[in-house]
Amino acid sequence: MKSGLKPERQWVDKVLKGLLDSFCIPIHGEDPMSTAAAVALQHHHAVTDQCPWCGTTISRAKFIEIESRIAEQERKKLAQDRARMQAEARETLQKTEARIRQDADKKVAALTAERDKATASAKEQQARADALRKEAEKQTEIRIKAEFERKMQALATERDEAAAKVKRLDESKQKELIQQRASLEKDRDGKLLKAQVQYNREREQLQQKIDALTRQLQRKTPDDLGDAAEVDAYEALRDAFPRDDIARIKKGQPGADIRHKVLHKGTLCGTILLDSKDRQGWQGAYVTKLREDQMADKAEYAILATTVFPSGKKELYIDEETRVIVVNRARLVEIVDLVRRVIQRMHSLRLSQSERSEKRELLYTYITSEDYKQHLVEAGRVTGELADLDVEEKRGHDKVWEKRGKMVTRLRNVVREVDTEVSSILEGRQS
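Positions 1 to 431 (the working numbering) are the ones given, in order, by the sequence shown.
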């Protein structure tokens with residue numbers, strides 16, 4: 001700012017110097033006394049003996065005194081004029097400096113405003129450019145993503161169609177194989193089933209006769225026989241399911257013979273109430289009482305293990321009125337294992353009570369079907385063959401174990417097919 005005001009100051013000093021020179025005012029070091037002396041000398045030469053004021057003749061000494069006085073007055077006047085002019089010059093200089101400073105400030109403010117405006121405009125343009133660039137990148141990304149998803153969807157559709165075609169071919173081939181196997185095994189299974197049924201019937205009749213003769217020899221009452229049957233069932237269940245809570249209901253207390261609480265990792269999944277009967281004749285009160293005990297105990301399932309059945313029933317059936325499972329004592333562990341796995345599966349699936357009731361009825365339908373009965377017969381036949389092999393073990397140890405391995409594999413396959421059917425029932429699929 002100082003370098004900008006220097007030319008103005010030089011111009012003002014030049015003007016003031018000209019004004020002072022015109023009034024004979026010394027400036028920048030000139031002596032005012034020499035100026036006054038020059039004026040007095042001029043008066044001395046012009047008027048030597050006359051008064052400078054009135055024109056009368058005066059003495060030389062008086063003339064010099066008057067001139068000195070006039071010179072003094074002139075000096076004072078000139079000093080006053082010089083002081084006044086210097087003050088005016090300073091005031092003019094200050095005003096000029098203020099005006100110049102104000103103009104400079106205005107110019108600086110204008111330049112600053114213009115610069116800020118230009119900066120704001122540049123920022124705004126940059127922001128618009130960034131927004132346009134981001135929008136373009138976003139649109140490009142969306143377009144690329146949409147194109148990628150479209151291609152992936154097309155590939156997935158093509159893959160699903162190919163998989164469906166392969167599945168249809170496999171199902172068609174599997175169906176053909178099943179039909180061929182069924183047609184080949186139908187006659188054989190029918191003959192085996194008839195032979196097995198006849199064998200079981202004869203064996204049961206013989207066993208009943210043996211049991212009757214044994215009771216006559218030992219003079220045991222039906223209650224005593226029932227206790228023995230209860231103990232046998234209890235021990236068999238404890239051996240088969242050691243992780244469950246299985247307890248005998250004491251004599252004299254209301255209820256069935258055995259309460260079987262099914263556990264999974266220590267959590268109660270459900271309860272099976274079991275009653276064991278070893279009687280010479282069938283009574284409908286067996287299932288009626290067991291149903292009442294089931295309701296009082298709030299058990300999910302009730303199973304009656306017996307050696308006798310009502311007319312027209314054998315091995316396994318579901319009582320229509322009470323929905324109690326009636327099974328041959330020889331099949332008790334197998335049925336309990338099946339029901340137990342169903343209870344655990346329904347607990348894992350967290351089915352509601354209505355869903356569990358529906359699945360229970362489907363399970364009852366399945367275990368009373370001919371298909372399941374054939375599986376039981378097959379399992380019983382294989383089990384019988386395993387027992388027979390134990391007798392022949394001494395005569396051919398290696399050969400026996402080879403046959404045993406094959407039969408165990410067949411038994412596992414039968415059990416696996418049963419488990420598949422049960423899983424289909426629980427998961428709502430149709431076999």
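Cβ coordinates follow ideal geometry from the N, Cα and C atoms, glycine included.
Only a predicted model underlies this, so the values are computations on that prediction, with no experimental measurement involved.
- DSSP, reduced to helix, strand and coil, places Val415 within a helical segment of the structure shown.
- If you check the CB distance, His260 and Ile272 come in under 7 Å.
- Around the beta-carbon of Asp293, 16 or more other beta-carbon atoms lie within 10 Å, marking it buried.
- Taking the Cα of Gly266 as reference, the smallest distance to any Cα among Pro242, Arg128, Glu334, Gln153 is reached at Pro242.
- If you draw a 10 Å sphere on the C-beta of Glu135, you find fewer than 16 other C-beta atoms in it, and that means exposed.
- In this structure, Cys269 sits near Gln344, with a CB-CB distance shorter than 7 Å.
- Under the Cβ criterion (8 Å, minimum of three pairs), the stretch 357 to 369 does not count as touching the stretch 280 to 292.
- Annotation for Leu362: the continuous alpha helix (DSSP H) segment containing it runs 353 to 367.
- Thr56 sits exposed, since fewer than 16 C-beta atoms from the chains shown fall within 10 Å of its C-beta.
- Secondary structure at Ile58: coil, using DSSP grouped into helix, strand and coil.
- At the C-beta level, Arg404 and Val382 stay beyond 7 Å of one another.
- With fewer than 16 other beta carbons inside 10 angstroms of its own, Asp160 counts as exposed.
- Assigned with DSSP and collapsed to three states, Ala247 falls in strand.
- Distance from the CA of Thr420 to the CA of Lys373, rounded to the nearest whole angstrom, comes to 15 Å.
- Arg329 and Trp282 have their alpha carbons spaced roughly 14 Å apart.
- Bridge pairing for Ile325: Ile303, Ile318 [DSSP].
- Per DSSP, Lys313 lies in no beta strand (DSSP E) segment and is marked neither H nor E.
- Tyr301 sits close to Val339, with the two beta carbons spaced by under 7 Å.
- Residue pairing by DSSP places Gln50 opposite Thr57 in a beta bridge.
- Comparing C-alpha distances from His375 to each of Arg128, Glu315, Asp116, Glu171 shows the shortest one belongs to Glu315.
- Secondary structure at Lys289: helix, using DSSP grouped into helix, strand and coil.
- A Cβ-Cβ separation of about 7 Å places Leu426 in contact with Val342 under the 8 Å criterion.
- With contacts defined by Cβ atoms closer than 7 Å, Val326 and Leu304 form a contacting pair.
- If you look at Arg279, you'll find it isn't in any beta strand (DSSP E); DSSP assigns it neither H nor E.
- Across the structure, Leu332 and Leu349 are spaced so that their CA atoms are roughly 26 Å apart.
- Considering only Asp232, Asp278, Glu385, Met295, the residue with the shortest C-alpha distance to Lys406 is Glu385.
- Per DSSP, the unbroken beta strand (DSSP E) holding Arg259 starts and ends at 258 to 264.
- Asp257 and Asp245 do not touch by the CB rule: their CB atoms are close to 15 Å apart, not below 8 Å.
- When the five nearest sequence neighbours on each side are left out, the beta carbons in the same chain lying within less than 7 Å of the beta carbon of Arg356 are those of Met346, in order along the chain.
- Rounded to whole angstroms, the Cβ separation of Glu378 and Val422 is 17 Å, and the two are not in contact under 8 Å.
- Distance check between Gln280 and each of Ala296, Val308, Val262 places Val308 closest, using alpha-carbon atoms only.
- Within the model, the alpha-carbon separation for Val108 versus Ala98 is close to 15 Å.
- Exclusion of the five residues before and after Lys298 leaves no residue of its chain whose Cβ lies closer than 6 Å to its Cβ.
- The continuous alpha helix (DSSP H) containing Arg341 extends over residues 332 to 349.
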